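S.K.: Using my numbering, the letters of the sequence shown correspond one by one to residues 1153 to 1354.
Glycine included, each C-beta is placed from N, C-alpha and C at the ideal position.
Keep in mind the model is a prediction, meaning the values are calculated, not measured.
The following block contains the structure, expressed as structure tokens.
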Amino acid sequence: MPITTLSQSIHVPARTGKGFRLRKGDLIRITDLEGQQPVDFWALNTADIYEHLSCEHTKPSIEKLFPHEGDAAYTTHRRPIVMLVEDHSPGQHDMQFAACDKWRYLELGAREDHASCQDNFHKALRELGIALPYTPQPWNLFTNFFINPDGTFSVKAPATRPGDYVILRAEMDAYVAVSACPQDMNDTCGGKPTDVRVDVGR
Ligand SMILES: [Zn+2]
């Protein structure tokens, strides 16, 4: 299901975020331009922003650790909000971890003003004219947290290559936000945060 009618094409520079308003049925293509770049993704129901994409609610609905091609991500009200309709990537889209935030960077020894996915999320919402008083756990696209059979995990560099992308379809009218993760203190972004592109259409 390619995008045949493009309505927006936005270049998202490394370490920044962007918000979009989607109508039900809109497609959003998220491209890792240089490879090894995670994209934190949020989606909120425009009619009630407290009904939003929830990793905790998605996992029991799909009985997987994260959606694969053909699976939806679900809301706090256990309804599909976006469907992963095409996955042209190695298919690692973590749902275990909170967004990086200033406290995570302080914990790792960075300065308090280090860019973070949490700040990018709230800034993207402000630009859409909305506000949420907390940060839902994002869906971490292109993120390679490998969970070992004994319950430990390994933070590995993403396996994505330049130009890898996913296409999601809005299953309800939704605000969505993306953050090109600025994590440069471990292997989450392969050590070097880079730009992504977001295309929206039908
Ligand atoms: Zn991040």
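1) Taking all protein chains shown into account, do 16 or more other C-beta atoms lie within 10 angstroms of the C-beta of Y1226, making it buried, or fewer, making it exposed?
2) Cutting at 6 Å between CB atoms, please list the residues of its own chain near Q1335, excluding the five before and the five after it.
3) In the DSSP assignment, find the unbroken beta strand (DSSP E) run with F1273 in it and report its ends.
4) Could you pull the start and end residues of the alpha helix (DSSP H) that H1204 belongs to?
5) Is it the case that the stretch 1279 to 1294 contacts the stretch 1315 to 1329, given that we only count it when at least three CB pairs across the two stretches are under 8 Å?
6) Alpha carbon to alpha carbon, how far is A1195 from F1273?
7) Should Q1335 be counted as a contact of ligand 1 given a C-beta to heavy atom distance under 6 Å?
8) So what does DSSP say about Y1226, is it helix, strand or coil?
9) From which residue to which residue does the alpha helix (DSSP H) around Y1257 run?
10) Quick one, which of C1333, R1263, I1319 has its alpha-carbon nearest G1353's?
11) Less than 7 Å between the C-beta atoms of D1178 and A1322, yes or no?
12) Could you pull out every residue in the same chain whose Cβ sits closer than 6 Å to the Cβ of S1306, ignoring the five residues on either side in sequence?
13) Confirm, please, whether the CB-CB distance from F1294 to P1190 is below 7 Å.
14) How long is the line joining the alpha carbons of L1361 and K1275, rounded to whole angstroms?
15) Can you look up H1209 in the DSSP assignment and give me helix, strand or coil?
M.R.: The short version:
1) buried
2) Counting only Cβ-Cβ distances below 6 Å, and skipping sequence neighbours, we find C1252, C1341.
3) First-last for F1273: 1269 to 1279, but that is the alpha helix (DSSP H), not the beta strand (DSSP E).
4) Unbroken run through H1204 is the beta strand (DSSP E), 1200 to 1204; no alpha helix (DSSP H).
5) Touching, yes.
6) Going by C-alpha positions, A1195 is about 11 Å away from F1273.
7) yes
8) strand
9) 1254 to 1259
10) The shortest Cα separation from G1353 among C1333, R1263, I1319 belongs to I1319.
11) yes
12) F1298
13) Contact flag set, yes.
14) The structure shown does not extend to residue 1361, since the chain is modelled only from 1153 to 1354, so the question has no answer here.
15) The answer is helix: DSSP assigns H1209 an H, G or I state.
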